[in-house]
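One structure is given below, encoded as structure tokens.
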Amino acid sequence: ETGVTQSPTHLIKTRGQQVTLRCSSQSGHNTVSWYQQALGQGPQFIFQYYREEENGRGNFPPRFSGLQFPNYSSELNVNALELDDSALYLCASSLVEEDEQFFGPGTRLTVL
Amino acid sequence: GQNIDQPTEMTATEGAIVQINCTYQTSGFNGLFWYQQHAGEAPTFLSYNVLDGLEEKGRFSSFLSRSKGYSYLLLKELQMKDSASYLCAGDDRGSTLGRLYFGRGTQLTVWP
């Protein structure tokens, strides 16, 4: 039991729509990272938040944006959805001074 | 740049031993993780190596050679439940604390 939760579990959207995915970090963790995992691939780093600010970003366009709240929960927003955005979106929480990241169960997004 | 390579698929029989190799080229490399991921589920932590050498944890062991950019995960006394994808990930503590660079994963199938 990692304590990291994500919602919703599954989501179906159409091209051009916007989506918000949510993540609740494990208690006490101050850092959250978001990853995109396409079918048959490893997770790809989208961005990380620490103290409510973006603390690094992967190779994703600006239509991928995020927020971290004072209680360390987080949101991932994707605008102007494209078919290739269909993937499992994982959030992982950690302590900034620790190495291990704990992953949530993920949100499966399908874009039609 | 960051590049993590691992075999796509492996098969083995119950009770056997299997070694999953991973080679990497990362900048700002700090350590190397192994995660297990069952289909449709979140990755779960198996091991983290920072220093060269072998670390044993029950049926699973992980090895790291920093000079060779090489790691392996050794699974002993294989069980059916070990059928899963095994993800190798490098830990960049350079520009982004704790950012993980994942390989594509090795799908292990254990046969009875």
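Chains as they are written, first to last, in the working numbering: chain A, 1 to 112; chain B, 113 to 224. From the three backbone atoms N, C-alpha and C, an ideal C-beta is built for every residue, glycine too.
A Cβ-Cβ contact shorter than 8 Å links B:F175 with B:Y184. For B:T123, the beta-bridge partners assigned by DSSP are B:T221. Contact annotation: in the stretch 39 to 62 of chain A, residues whose CB is within less than 9 Å of a CB in chain B are G40, Q41, G42, P43, Q44, F45, F47, Q48, Y50, N55, G56, R57 and G58.
Contact between B:T218 and B:Q118 holds, with the beta-carbon distance rounding to 5 Å and staying under 8 Å.
Those residues of the stretch 67 to 95 of chain A placed with their C-beta closer than 7 Å to a C-beta in chain B are L90 and S94, ordered along the chain. A:S93 counts as buried, since at least 16 other C-beta atoms from the protein chains shown sit within 10 angstroms of its C-beta. Selection A:T14, A:G3 and A:Q6 evaluated against A:D84 yields A:T14 as nearest (Cα-Cα).
Excluding its 5 nearest sequence neighbours in each direction, A:S33 has C-beta neighbours in its own chain below 6 Å: Q48 and A92, listed in chain order.
If you draw a 10 Å sphere on the C-beta of B:V162, you find fewer than 16 other C-beta atoms in it, and that means exposed.
Looking at the DSSP output, A:Y72 shares a beta bridge with no other residue. For A:Q26, not one C-beta of chain B is nearer than 8 Å to its own C-beta.
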